[in-house]
Amino acid sequence: MTVYYRLDAANLDLEIINNAGTLIRRGELVAFPTETVYGLGADAFNSEAVKRIFAAKGRKPDNPLIVHVSSIEQVEELVDGIPPEARLLMERFWPGPLTLVMQALSRVPDEVRAGGETVGVRMPDHPVARALIQQAGPLAAPSANLSGRPSPTTAEHVRKDLDGRIAAVLDAGATGLGIESTVLQVTSKPFRILRPGGITREELQSVLPADIGLEESEARTDRYPHYQTRAQVLIISGPGELEELSHRYRGKGKSIGFVVHKPNDYRHILDEVDQVYQLEGDPELAVRSLYEILRDVDQRNIDILWFESYPEQGMGSVLMDRVRKAGRRE
Ligand code: TXA
Ligand code: MG
């Protein structure tokens, strides 16, 4: 049975944090909020507990986990030296949505590293996450969804995916950012963005010395399943394009959803679709609702999802990365 605890992030109930810490120390799994998405935490040094994460999510064992810390001392217990430029990034972006992949010490369990030589580490910026880590030590935690589903941005999403499979959920409401951390490999130069996320490429570049360089390569993370909608996703760059599409689909009996942030441009078409999702024009705000929408699209059995594109820069390109992955077919 899963126990649900409601928490006020601004006024933490320490008894709840203590209970959750006890569960973690016993090798149980606890879902907790971070500023990005909800995570599914286990004691990072307990192999048996970490194995339970893979079982609960149905996750492939060759996909490594991020270790969440609340201090730099904890990082030093996980990695074989922190590269100086990585330290710059920590000073600027931690606590926050940046995961740094570094050389792991051998005490990091194989299950966390998925057999590799490296470990991803991040310091989350959420009072509940920080308090739990202070209480129970570093937490290995993937997003708290079933493998192949969108990352959860509310405790309700966690319940839908993992109820009965984990010991507890700490519910402190919706997460702030709504999109996962950026995963950056800093073991060799140029540094490699393995997954775009909450800290944009532009922000990273602004802190790094010019000679470091950033390479965007998801070669590693791309091997793993990402959320794909049942619906076919069509990215729309302007009203003209949609006009043509709407002719093509009219009368075909397909149910159509439309995610739009400039509805006035498409006013004549909105009536024709089955479900309109209006997003914020600012991609920083729009990412907050993206995963909720993707879950809803499949729940409503929508066949075709039109998605009004955002300019490919900053958070706009992160958002479009997730939309393309949702629409990918292989
Ligand atoms: O915002 C986030 O990052 C959330 C919250 C809970 O912190 N966590 C999260 O974890 O999204 P997960 O497991 O769902 O995604 C982590 C990604 C995976 O694609 C994984 O392959 C990659 O990071 N990753 C983790 N450790 C790695 C490593 N040592 N080397 C390469 N990639 C790694
Ligand atoms: Mg995930």
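With the sequence shown counted from 1, adding 27 to any position gets you the working numbering. Beta carbons are placed, not taken as given, at the ideal position from N, Cα and C, and that holds for glycine. On a predicted model such as this, the values are computed, not experimentally measured, just so you know.
Going residue by residue through the stretch 237 to 279, where are the continuous beta strand (DSSP E) segments of at least 3 residues, counting only ones entirely within it?
241 to 243, 259 to 263
Along the alpha helix (DSSP H) that carries residue 340, what are the first and last residues, could you check?
Here residue 340 refers to the residue found at position 313 of the sequence shown. Careful: residue 340 lies outside any alpha helix (DSSP H) and carries neither H nor E.
If you run the structure through DSSP and keep just helix, strand and coil, what is residue 356?
The residue you call residue 356 lines up with position 329 of the sequence shown. DSSP places residue 356 in coil when its eight states are reduced to three.
By the three-class DSSP mapping on this structure, what secondary structure does residue 344 have?
Numbered from its first residue, the sequence shown carries residue 344 at position 317. Helix, per DSSP.
Locate the alpha helix (DSSP H) running through residue 181, then write down its first and last residues.
Along the sequence shown, read from residue 1 onward, the residue named residue 181 stands at position 154. No alpha helix (DSSP H) contains residue 181, which DSSP labels as neither H nor E.
Can the beta-carbon of residue 66 be found less than 8 angstroms from the beta-carbon of residue 95?
Position 39 of the sequence shown, counted from the start, is the residue given in the question as residue 66. Position 68 of the sequence shown, counted from the start, is the residue given in the question as residue 95. Yes, they are a contact pair.
Kindly examine the ligand TXA and report whether one of its heavy atoms sits closer than 7 angstroms to the Cβ of residue 93.
The residue given as residue 93 occupies position 66 in the sequence shown. Checking the Cβ of residue 93 against the ligand TXA gives yes.
Nearest to residue 362 by alpha carbon, out of 77, 121, 108, 204?
In the structure as shown, the chain begins at 28 and stops at 357. Residue 362 is therefore absent and cannot be evaluated.
Within the same chain, show all residues whose beta-carbon is closer than 8 angstroms to that of residue 277, passing over the 5 residues directly before and after it, in chain order.
The residue you call residue 277 lines up with position 250 of the sequence shown. These residues qualify, in order along the chain: 299.
DSSP bridge partner residues for residue 69 (one or two, in chain order)
On the sequence shown, position 42 is the one that residue 69 refers to. According to DSSP, residue 69 bridges with 167.
Name, in chain order, the residues that DSSP records as bridge partners for residue 129.
Along the sequence shown, one-based indexing puts residue 129 at 102. Residue 129 pairs with 146.
Taking 7 angstroms as the cut-off, is the CB of residue 178 close to at least one heavy atom of the ligand MG?
Numbered from 1 along the sequence shown, position 151 holds the residue referred to as residue 178. Under cutoff, so the answer is yes.
Among 283, 169, 137, 312, which has the Cα closest to the Cα of residue 75?
Stepping through the sequence shown from its first residue, residue 75 is reached at position 48. The candidate whose alpha carbon is nearest that of residue 75 is 137.
What are the boundary residues of the beta strand (DSSP E) that includes residue 33?
Your numbering for residue 33 matches position 6 in the sequence shown. Run containing residue 33: 30 to 33, per the beta strand (DSSP E) assignment.
Are residue 4 and residue 62 closer than 8 angstroms when you measure CB to CB?
A query on residue 4 cannot be resolved here, the shown segment of the chain reaching from 28 to 357 and no further.
Does any heavy atom of the ligand TXA sit closer than 7 angstroms to the C-beta of residue 446?
Not covered by the structure: residue 446. The range shown for the chain is 28 to 357.
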